[in-house]
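Under the numbering used here, the residues of the sequence shown are numbered 32 to 455, in order. Backbone N, C-alpha and C define an ideal beta-carbon position, used for all residues, glycine too. Remember, it's a predicted structure, so these values are computed and weren't measured experimentally.
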Amino acid sequence: MTPQELVEAAEDSGAPGLLAIAPGWERVPLGQVARVINGAPYESRLFNVEGRGEPLIRIRDVTSGKVSTWYDGPWLPLHRVERGAILIGMDGDFRASRWDAEPGLLNQRVCRLDVDPSKYDERFLLLVIQGYLDAIWKATSSLTVKHLSSRSIQQIPLPNPSLGEQRRIVETLEDHLSRLDAGAGLLTSVAQRGKMLELAALDALVPAESSSALMKDLACDAGYGTSTKCVADGPGVPVARIPNIVGGAIDMTDEKRAADPSVDLSGLMLKEGDVVFVRTNGSRDLIGRTAVVQQGVQASFASYLIRYQVNQSVVDPTWCHLMMNRASARVEIERLASSSAGQYNLSLGKISGLSVPLPELSVQRMLIEQYRASLDGPRRLVSAAVRAHRRSAALRRALLTAAFAGILTGAKTDIERVEEIAGV
């Protein structure tokens, strides 16, 4: 479906949500009020993480707001991104965001919107556009990663009230949204404090007199996963990937399967108690992250993961996982991770050389239970923050829906109407 067809379908449904427009408004294709600039396909051999050359804005940076890769090679001024530019990630989740970090270069699969201020208010466009990108995302079929074309972006039928009306709506929304954003910032701080309390409990877990052992000495077997192609709803075996490592366990909700059902993965099936490491990723925070395979997981694992089967008569797999998440272990893991073309990598040899504190097995299990008990307070804190975040997100969506439908007036009664729309 084209963006225009998506809007028509939403309007016909009687519940257009963020695609609504007020009576009397017209629509205008985005390409008539803004220029879409696609990023350049820079050579990955010229990427680095040491800060040589220009900051390179890759698709993952659109939402994080910070770069982790630099490009040391030729570039064109057209692809220079200044602070304040509107960017859209064209793979994955189709996110739009204002770039508030240092200037950098626009990489492929990211585009920049250069808005004509005589035709459209860019602040209004940034408020409007995500709802349309979300609708396109939902309607886009994909076997692997979803892709967004610049043509589809140009075709988005934006609401087109007068410039004066756009500015009035922005000013009204900014007053409400600034309060929501301030609350969201506080909630983020609360959640971070909960995480810090978890880390503190983890660091205090190891008895001072504990001996230690290397991962290679604790392993009965270790190795890389399969490099076979995986797709959603594929005919082959389920394959655990980095997105499936959630909260120290394997979550196959976002499942992909081997595209070729004839590939023999019997020797690479995960078993309860396996310890899985992320071995390659563009994010330093994710490299070396671990999960313990729980009962009931029936999946193989991908090549950018490493699986250890540890000697459970000596070490509890959960103890191994916890020890790898201590602050000191994270420092060592990140130090060992090599970088190439903007990717961080850990080899089997490097992980095998990591040291694990090793009290007696019975002590490990006692300390694991103590640690879990100590998490009750911090995790309640994080859960409360998550619930409040969801309410805040619902209110934000309702505010925008009311504004685009023309029912946000700036009066004190607006918030009551918004809460009714949000259902909170």
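Buried or exposed (CB count within 10 angstroms, at least 16 for buried), residue i
i, result
"LYS302", "exposed"
"ASP305", "buried"
"MET32", "exposed"
"PRO47", "buried"
"ASN275", "buried"
"VAL362", "exposed"
"ARG411", "exposed"
"ASN342", "exposed"
"LYS150", "exposed"
"GLU57", "exposed"
"ALA235", "exposed"
"LYS287", "buried"
"GLU456", "The first residue shown for the chain is 32 and the last is 455, placing residue 456 beyond what the model contains."
"GLU81", "exposed"
"SER242", "exposed"
"THR94", "exposed"
"MET355", "buried"
Reduced DSSP category for residue i - H, G, I as helix; E, B as strand; rest coil
i, result
"TYR73", "coil"
"ARG272", "coil"
"ARG140", "coil"
"VAL201", "helix"
"GLN340", "strand"
"LEU118", "strand"
"SER44", "helix"
"ARG129", "strand"
"SER243", "strand"
"LEU157", "helix"
"LEU417", "Residue identity check: residue 417 is Val in the sequence provided, not Leu. The answer is helix: DSSP assigns VAL417 an H, G or I state."
"ASP145", "strand"
"SER183", "helix"
"ALA333", "strand"
"LEU236", "coil"
"TYR163", "helix"
"MET227", "helix"
"LEU317", "coil"
"THR33", "coil"
"TRP106", "coil"
"ASP152", "coil"
"VAL38", "helix"
Cα-Cα separation, residue i to residue j
i, j, result
"LEU50", "ALA250", "55 angstroms"
"THR171", "SER183", "11 angstroms"
"VAL417", "ALA232", "21 angstroms"
"LEU118", "GLY195", "24 angstroms"
"VAL455", "PRO269", "Because the pLDDT at VAL455 is just 49, under 50, the model does not fix this residue reliably, and the point stays unresolved."
"PRO266", "ILE281", "21 angstroms"
"ASP295", "GLN329", "15 angstroms"
"LEU156", "ALA166", "16 angstroms"
"GLN139", "ASP285", "26 angstroms"
"ARG111", "ARG143", "10 angstroms"
"GLN186", "PRO60", "5 angstroms"
"TYR375", "ASP407", "34 angstroms"
"ALA433", "VAL262", "39 angstroms"
"GLN326", "SER258", "24 angstroms"
"ASP131", "ALA116", "8 angstroms"
"GLU133", "LYS97", "8 angstroms"
"GLU391", "TYR102", "49 angstroms"
"HIS178", "GLY70", "14 angstroms"
"LEU189", "VAL159", "8 angstroms"
"GLY506", "ASP122", "This structure cannot speak to residue 506, because the chain is shown only from 32 to 455."
"LEU385", "ARG66", "51 angstroms"
"GLU229", "LEU398", "14 angstroms"
"ALA424", "LYS381", "42 angstroms"
"ILE364", "ASN312", "13 angstroms"
"ALA358", "GLY319", "12 angstroms"
"PRO292", "TYR255", "20 angstroms"
"LEU37", "PHE125", "16 angstroms"
"ASP43", "VAL201", "27 angstroms"
"GLU85", "PRO105", "10 angstroms"
"HIS207", "GLU240", "55 angstroms"
"GLN395", "LEU389", "8 angstroms"
Bridge partners - residue i, DSSP secondary structure assignment
i, result
"HIS178", "ASP122"
"ASN312", "TYR375"
"VAL323", "VAL306"
"LEU189", "VAL59"
"TRP500", "Here the chain comprises residues numbered 32 to 455, so residue 500 is not present and cannot be evaluated."
"GLY437", "Per DSSP, none; premise fails for GLY437."
"ARG111", "LEU136"
Near the ligand FAD: residue i beta-carbon under 7 angstroms from a heavy atom
i, result
"TYR163", "The ligand FAD is not part of this structure, which contains no ligands at all."
Any chance you could list the alpha helix (DSSP H) runs of at least 4 consecutive residues sitting entirely within the region 344-406, in chain order?
-> 348-355, 358-367, 379-383 and 392-405
Ordered list of alpha helix (DSSP H) runs contained in the region 49-99, each at least 4 residues = Listed in chain order, the complete alpha helix (DSSP H) runs (minimum 4 residues) inside the region 49-99 are 92-95.
Could I get the ranges of all uninterrupted beta strand (DSSP E) runs contained in the region 249-309, with 3 residues as the minimum, in chain order?
-> 250-255 and 306-309
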